[in-house]
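One structure is given here, and the rest of the page talks about it.
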Amino acid sequence: MESGTGLISDKQSAPQSAHSGQSDRSFRWPISRIQALLDLPFADLLYQAQTIHRQHHEANAVQLSTLLSVKTGGCSEDCAYCPQAARYHTGVQNQAMLSREEVVAAASRAKQSGATRFCMGAAWRGPKQRDIECMAEMIAAVKALGMETCATLGILKPGQAAQLKQAGLDYYNHNLDTAPEFYDEIITTRHYQDRLETLQEVRNADINVCCGGIVGMGESRAARAGLIAQLANLDPYPESVPINYLVQVEGTPLYGTPKLDPFEFIRTIAAARITMPKAMVRLSAGRQEMPEAVQALCFLAGANSIFYGEKLLTTGNPEADDDMALFEKLGLHAL
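Everything in the sequence shown is counted per this note's numbering, starting at 63 for the first residue and increasing by one.
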């Protein structure tokens with residue numbers, strides 16, 4: 063910490079991932095240091111976050127991404143937040159893989175609306191080879207529109223990331239979801255290490271990493287600090303960090319969980335900005351439930367990317383016109 067300013071320096075290099083059980087001293091961002099950030103007076107925390115944000119990003123610019131579910135429902139995993147898990151009764155209808163033509167049409171609409179990145183998500187544990195081949199065709203077609211491409215397809219086997227890279231994939235999303243200590247409360251069908259290994263496959267293929275988590279799942283502030291520590295201590299930290307506010311869907315185990323105070327969500331955004339200064343920090347799921355004032359404070363805390371469009375996989379999202387109206391009120395513009 064720099065003397066006299068209270069601002070965090072970004073001069074240290076980050077080690078690899080912070081695994082549970084290792085000493086705080088091993089990492090650039092020990093959990094205790096992030097907890098101290100989260101415990102700051104609210105105005106002091108936002109001041110630090112906004113100052114660091116302006117050092118690395120255009121102050122009033124927001125990147126727009128659109129997310130499309132290219133294969134919906136029927137997932138074998140037991141993620142407690144997810145309405146696409148086959149074992150939960152949420153009313154989500156299974157949908158087979160969309161055609162390349164359907165995906166390109168959706169990407170074209172997104173581009174016309176101002177989105178610069180198009181993200182494609184599929185509900186399964188991980189893709190089979192035939193799925194990778196289908197996704198490669200979609201990625202190449204979206205890339206040909208002049209958009210950045212992103213995919214979230216679950217656990218990748220060795221060699222699959224390289225195939226996606228060859229097709230033109232710019233970003234791969236694979237969230238850590240929460241801290242290792244809280245992970246077993248949310249998911250039992252895959253291990254934390256599985257997620258870290260997929261992220262390494264993505265890095266090895268020279269694809270940008272999109273990796274964040276979900277808050278509001280009943281975790282403690284310490285667990286939120288643990289999630290940020292895991293992300294910030296990846297080597298390098300993710301280029302894109304989506305922070306999701308839990309959208310509670312009836313039929314999932316987390317339905318009825320006490321809602322997280324919005325100020326805790328804003329604090330998490332600020333901690334992400336301070337610890338990962340150059341990353342695009344994205345307001346992701348849950349924005350539809352956030353008042354405009356809460357979203358404005360998230361932008362002040364360093365968020366500079368949103369998912370843009372009426373739907374995120376299976377849950378709602380603010381209308382594009384509403385987002386543009388909010389941008390106008392705040393003096394923000396799209397990158």
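A virtual CB, placed ideally from N, CA and C, is assigned to each residue, including glycine.
Expressed to the nearest angstrom, what Euclidean distance is found between the alpha-carbon atoms of residue i and residue j?
i    : j    : result
R265 : M386 : 34 Å
A169 : S94  : 42 Å
D383 : L126 : 13 Å
A10  : A198 : Residue coverage of the chain in this structure runs from 63 to 397, which leaves residue 10 outside it and unanswerable.
K391 : I194 : 42 Å
S346 : D232 : 19 Å
I336 : Q155 : 40 Å
C272 : F361 : 19 Å
K321 : N237 : 21 Å
Y254 : E164 : 34 Å
Under the rule that 16 or more other beta-carbon atoms within 10 Å means buried, what is residue i, buried or exposed?
i    : result
R179 : buried
R192 : exposed
T250 : exposed
A241 : buried
G153 : exposed
E210 : buried
P324 : buried
A332 : buried
G348 : buried
D239 : buried
P145 : buried
A158 : exposed
For residue i and residue j, which I take to be in contact (beta-carbon distance under 8 Å), what is that distance rounded to the nearest angstrom?
i    : j    : result
G274 : L293 : 7 Å
R329 : V303 : Not a contact, Cβ separation roughly 15 Å.
I276 : A334 : In fact, because the Cβ distance is near 13 Å, the residues do not count as touching under 8 Å.
P300 : I114 : With a Cβ gap of about 16 Å, P300 and I114 do not count as contacting.
L107 : L99  : 6 Å
One question on the structure: do residue i and residue j come within less than 8 Å of each other, judged by their Cβ atoms?
i    : j    : result
L129 : C181 : yes
I269 : A229 : no
G188 : G216 : yes
L388 : E354 : yes
S131 : G208 : no
Y234 : A213 : yes
A285 : F244 : yes
I316 : A148 : Looking at the sequence itself, residue 316 is Leu, so the reference to Ile does not match. Not in contact: L316 and A148 (Cβ atoms no closer than 8 Å).
A287 : Q97  : yes
W186 : K227 : no
N295 : W91  : yes
M279 : T319 : yes
V166 : A396 : no
R162 : A203 : yes
- Query: On the three-pair Cβ rule with 8 Å, is the segment 162-176 touching the segment 263-282?
  - Reply: no
- Message: Quick test of the definition: if touching needs 3 or more C-beta pairs under 8 Å, does the segment 357-370 touch the segment 133-151?
- Response: no
- Is there contact here, the segment 308-324 with the segment 105-125, by at least three beta-carbon pairs under 8 Å? Touching, no.
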